[in-house]
Amino acid sequence: MASEDEAIDEACNSYDAVIIGAGVSGMYQLHRLRELGMTALVLEAGTGVGGTWYWNRYPGARFDSESYTYGYSWSSELLAEWDWKERFSPQPENLRYLEFVADKFDLRRDMRFDSRVTAAAYDEEQNCWNVETEDGFRVRATFLITAIGALSVPVLPKIDGIDDFRGPSFHTSHWPKEEVDFTGRRIAVIGTGATAVQLIPEVAKTAGHLTIFQRTPNWCAPLHNGPIERAEMDDIKTRYEEIFETCNSTFAGFEHVPDRRKALEVSHEDRWALWEKLWAEPGFGIWMANFRDVLVNEEANALMSEFAASKIRERVHDQAIAEKLIPTNHGFGTRRVPMETNYYEVYNQDNVELVDLRETPIEAVTETGIRTSDGERPFDLIIYATGFDAVTGAFERIDIRGVDGVELRNVWADGPRTYLGLQIAGFPNLFTLVGPNNAATFCNMPRCIEQNVDWVTDLLGHLRENGLTRAEPTEQAMDDWGEHVVTSGERMLFTKVNSWFTGVNTNIEGHEQRRFLLYAAGLPTYREKADEVVANRYHGFALS
Ligand code: NA7
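Under the working numbering, the first residue of the sequence shown carries the number 436, and numbering increases by one thereafter.
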């Protein structure tokens, strides 16, 4: 019988790469490695593929990206076969799409589900990564690729008594697979971010009573979802090349192209005309296709915020409630803009109450409800739409050790340091798709994911062609990248505001201060920099 160590050695030889995560990035990475002729195993915590679209099953969950800009672009067959039915496709359909892709490319064959990775350690002598899952499964591979997502670690609020509640309660990202019936029930939703803003109108339809606990209002914008009819889908299929080309040319990978004018250079009438037009159009145009100074100039931003506030006042009947829903501590678009469908109208319903936690903070969750400073409210169900330990959270939950057992958690204690958001000095052969300081953190995800995966695959192909087996960036390359990340990001107003964009999470100790988690120079600049590295013979990397 083989000893445990021998078994591990055998396993080591059987995989060139281990990929953590079977979401949009892990699935594509597996496909690309197979094309290279490499062997790979995907370890996935869930019981199926889909990542974000596997976990986030709450009612109302859907793309805020135009569906046809979100799908994979790399298979013309897939593009021809799949029909998107809604402009902003809902979660069940998105999961079906990813399952369809998994079937079509036979991806599950190299996936192990129910496998939450807990540790990964680099063995210098063998040039191998030892990877371990929660259930004790161990595997070794030359390359370790994390495809663990930027928003995959749900966080519950730090509230006294949170475990005392006797009724059902859950985080939106741990929504039960069975349908949850709201009919006639007293329901609490804590949080008013992009998730809550999708969820709340759905709950409000049938809840007996819905109470929304808001700590910080956000600037929401209308989604304007609708069906994609046959003729339009057929037309989209003829234009895919052009659509993806446009997406790849814009800052965040959407088809919304910014207006070349500045808000401060045009007349009041022209400003409002563009804003009215964008407000009435589907999707992120109001955020991404706005005047080019709105997200970088405080004066321009204040005017845009005034416009958005006027829209809230028009839609909410009770003006005292409208004022509570208008953000006062940050300008339009400086936090993630939640896209809404009848969100503001919910506050006109008799069965809905808004609790402003700035006036009456939560004191505790009790056995039967929630107590704020003005009293206790009973509930049958509490829903936490309280967000995620963004970008670095999923890394911190794996014990990742590089050369000499150095812990990634310690290396990133004062904020992440990477090269291209894809590699880290001291952690050879570890590739971090959608990692911190990578364009994919602020992007129409698949557009940046495909760039990440293609780039990593090209590097692995380059190593193979040249008989090399080890890639690691230099400290200098990381320092230079860090400086580029900060200097290019500073001009953006969102870097001056607390949100998950800036790594602030009051529910997590040590995450009270802003950190540079994102890459805010945009996809085209990122792509150019990443391509330059290749053109300069992988400048900044030690390949051996
Ligand atoms: P977000 O955008 O991080 O929103 C979380 C919400 O939960 C936000 O309104 C928070 O208020 C609120 N929150 C968090 N902790 C508390 C406590 N302790 N008490 C009261 N309220 C709290 O997460 P989402 O899931 O909505 O969206 C995440 C991303 O997923 C989104 O950007 C999309 O890209 C998809 P705060 O603003 O911190 O005062």
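Here a beta-carbon is modelled for each residue, glycine too, at the ideal position from N, C-alpha and C. Remember, it's a predicted structure, so these values are computed and weren't measured experimentally.
#1: Between which two residues does the alpha helix (DSSP H) carrying Asp889 extend?
#2: Are at least three pairs of beta-carbons, each pair with one atom in the segment 801 to 808 and one in the segment 543 to 558, less than 8 Å apart?
#3: What three-state label does DSSP hand Pro636 in the structure shown?
#4: Any heavy atom of the ligand NA7 closer than 7 Å to the Cβ of Leu928?
#5: Which same chain residues, not among the five before or five after Asp558, have their C-beta less than 7 Å away from its C-beta?
#6: Please state whether DSSP places Pro659 in a helix, a strand or coil.
#7: Excluding sequence positions up to five away, which residues of its chain have a Cβ less than 6 Å from the Cβ of Glu445?
#8: On the DSSP letters alone, give me the boundaries of the beta strand (DSSP E) that Arg806 sits inside.
#9: Rounded to the nearest angstrom, what separates Met473 and Pro863 at their Cα positions?
#10: Going by the beta-carbon positions, is the gap between Gly861 and Gly870 smaller than 8 Å?
#11: Taking 7 Å as the cut-off, does the CB of Leu579 come closer than this to any heavy atom belonging to the ligand NA7?
#12: Taking 7 Å as the cut-off, is the beta-carbon of Ala820 closer than that to any non-hydrogen atom of the ligand NA7?
#13: Less than 6 Å between C-beta atoms, sequence neighbours within five positions excluded: which residues of the same chain meet that for Ala965?
#14: Which partner residues of Gln858 appear in the DSSP bridge assignment?
#15: Please check the pair Tyr493 and Trp610, which I expect to be a contact at CB under 8 Å, by giving their CB distance rounded to whole angstroms.
#16: Which term fits Asp728, buried or exposed, when burial requires 16 or more other beta carbons within 10 angstroms of its beta carbon?
#17: If you count every other CB in all the chains shown that lies within 10 Å of the CB of Gly486, and 16 or more means buried, which is it?
#18: May I have the straight-line CA-CA distance separating Val846 from Phe648, to the nearest angstrom?
#19: How many Å lie between Cys447 and Met880 at the Cα?
#20: Can you tell me whether Gln754 is buried or exposed? The criterion is at least 16 other CB atoms within 10 Å of its CB, across all chains shown.
#21: For Thr960, which three-state DSSP category applies?
#22: Go ahead and pull the three-state DSSP assignment for Met723.
#23: Are there 16 or more other CB atoms within 10 angstroms of the CB of Gln526, so buried, or fewer, so exposed?
#24: Quick check on Ile835: does DSSP put it in helix, strand or coil?
#25: Report the option in Asp595, Leu894, Trp935, Gly902 whose CA atom is closest to the CA atom of Ala799.
#26: Assuming Glu885 and Trp509 are in contact, meaning their beta carbons sit under 8 Å apart, how far apart are those beta carbons, in whole angstroms?
#27: For Ser500, which residues of its own chain have a beta-carbon under 6 Å away from its beta-carbon, when the five flanking residues on both sides are left out?
#28: Taking all protein chains shown into account, do 16 or more other C-beta atoms lie within 10 angstroms of the C-beta of Thr581, making it buried, or fewer, making it exposed?
#29: Please state the DSSP three-state secondary structure of Ser438.
#30: Beta-carbon separation of Asn683 and Arg836 under 8 Å?
#31: Closer than 7 Å to a non-hydrogen atom of the ligand NA7 - does that hold for the CB of Leu648?
#32: Secondary structure at Tyr450, three-state DSSP: helix, strand or coil?
#33: Short of 7 Å in beta carbon distance, which residues of its chain neighbour Gly975, apart from the five on each side in sequence? Order them along the chain.
#34: Does the beta carbon of Phe742 fall short of 7 Å from some heavy atom of the ligand NA7?
#35: Out of Glu831, Lys640, Leu730, state which residue places its alpha-carbon closest to the alpha-carbon of Ala694.
So, from the listed chains and residues:
#1: 880 to 900
#2: no
#3: helix
#4: no
#5: Asn565
#6: Correcting the residue type first, residue 659 is His in the shown sequence and not Pro. Coil at His659, not helix or strand.
#7: Residue confidence for Glu445 is low, a pLDDT of 47 falling below 50, so the modelled location carries little weight and cannot support an answer.
#8: 804 to 807
#9: 18 Å
#10: no
#11: no
#12: yes
#13: Leu855, Trp890
#14: Tyr854
#15: 4 Å
#16: buried
#17: buried
#18: 37 Å
#19: A caution first: Cys447 carries a pLDDT of 47, below 50, which makes its placement in the model unreliable, though a value can still be read off. Computed Cα separation, rounded: 32 Å.
#20: exposed
#21: helix
#22: helix
#23: buried
#24: strand
#25: Asp595
#26: 6 Å
#27: Asn879
#28: buried
#29: For Ser438, the pLDDT reaches just 47, beneath the cut-off of 50, and the residue's location in the model is therefore unreliable, although a value from the coordinates is still provided. Of the three classes helix, strand and coil, the one that applies to Ser438 here is coil, per DSSP.
#30: no
#31: According to the sequence as given, residue 648 is Phe; it is not Leu. True, at least one ligand heavy atom lies under 7 Å from that Cβ.
#32: coil
#33: Tyr854, Pro908, Thr909, Ala912, Val968
#34: no
#35: First, the residue type needs correcting, since residue 694 is Asp and not Ala in the sequence shown. Looking at the Cα atoms, Leu730 is the closest of the given residues.
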